[in-house]
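Chemist: Each residue of the sequence shown is one higher than the one before, counting from 6 in our numbering. For glycine and all other residues, C-beta sits at the position ideal for the given N, C-alpha and C. On a predicted model such as this, the values are computed, not experimentally measured, just so you know. After the structure tokens below, expect a handful of questions from me.
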Amino acid sequence: MKKFSILRNSILIIIIAFLSMSCSLSRKTAKNIQNELQNEKIQRYRTIIKKDNLKLTGILLIKKKENILIGSLINEFGLRVFNFTLKKSKAHITTSISQLDKWYIKRSMGKYLYKILIQDNKENHKEMIYTKKGITIKLKKI
6 MKKFSILRNS
16 ILIIIIAFLS
26 MSCSLSRKTA
36 KNIQNELQNE
46 KIQRYRTIIK
56 KDNLKLTGIL
66 LIKKKENILI
76 GSLINEFGLR
86 VFNFTLKKSK
96 AHITTSISQL
106 DKWYIKRSMG
116 KYLYKILIQD
126 NKENHKEMIY
136 TKKGITIKLK
146 KI
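Here you go:
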């Protein structure tokens, strides 16, 4: 029960952080996103994270370098929520916004991303769904 409450609280913190962020898009962030999207090797996924009636959406950008996946989750306003690296054996959230810079949020999101992108990923999947403890992560290729 304690794990469920920690997970539930981490999702609530994520939602509160998204709602509290500014709606303005900085020029630097917009340029970074535009440069990344021009690179053809970057995979783009429309991302939905749901818990009960709460829903987070954004774009997940992933680039493969050798045996490592490097990526970022960006919300609709162009703000980078967190960066991550995925290796064959583990996931690591490298940077995140201050509201999400909690060890339990980073660990949970890292595990979920590792599961859906490394363990369950099959080539040419247009849509991937991962559900655990009432949390659903849905990735749809753009």
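Considering only the beta carbon of each residue, do K68 and K95 sit closer than 8 Å?
Modeler: no
Chemist: Return helix, strand or coil for G76, following the three-state DSSP convention.
Modeler: The three-state reading of DSSP puts G76 in strand, counting E and B together.
Chemist: Please report the distance separating the alpha-carbon of K70 from that of L122.
Modeler: Distance between the alpha carbons of K70 and L122 is about 14 Å.
Chemist: L74 to F82, Cα distance in whole Å?
Modeler: 24 Å
Chemist: Among residues of its own chain, excluding the 5 on either side of K111, which ones have a beta-carbon nearer than 7 Å to its beta-carbon?
Modeler: I98 and S101
Chemist: In three-state terms, what does DSSP make of I11?
Modeler: helix
Chemist: Among L91, K145, Q48 and R85, which has the Cα closest to the Cα of Q104?
Modeler: R85
Chemist: Using the Cα positions of I144 and E132, report the straight-line distance between them to the nearest angstrom.
Modeler: Note that residue 144 corresponds to Leu in the displayed sequence, not to Ile. Roughly 6 Å separates the two Cα atoms.
Chemist: For the alpha helix (DSSP H) holding L200, just list the boundary residues, first then last.
Modeler: Because the chain in this structure spans residues 6 to 147, residue 200 falls outside the shown range and cannot be described.
Chemist: Have a look at Q48 and I11 and give me their C-alpha separation to the nearest angstrom.
Modeler: For Q48 and I11, the distance between alpha carbons rounds to 31 Å.
Chemist: For F89, which residues of its own chain have a beta-carbon under 7 Å away from its beta-carbon, when the five flanking residues on both sides are left out?
Modeler: Scanning its chain for C-beta atoms nearer than 7 Å, with the 5 sequence neighbours on each side dropped, one finds around F89 the residues G76, A96, H97, I98, T99, G115 and L118, in chain order.
Chemist: Give the straight-line distance between the Cα atoms of Y135 and I54, rounded to the nearest whole angstrom.
Modeler: 10 Å
Chemist: If you drop the 5 nearest sequence neighbours on each side, which residues of the same chain put their C-beta closer than 6 Å to that of D125?
Modeler: none
Chemist: What distance in whole Å lies between the Cβ atoms of I140 and R51, which are believed to be in contact at a cut-off of 8 Å?
Modeler: The pair is not a contact, with the Cβ atoms about 17 Å apart (cut-off 8 Å).
Chemist: Does the Cβ-Cβ distance between L66 and I79 come in under 8 Å?
Modeler: yes
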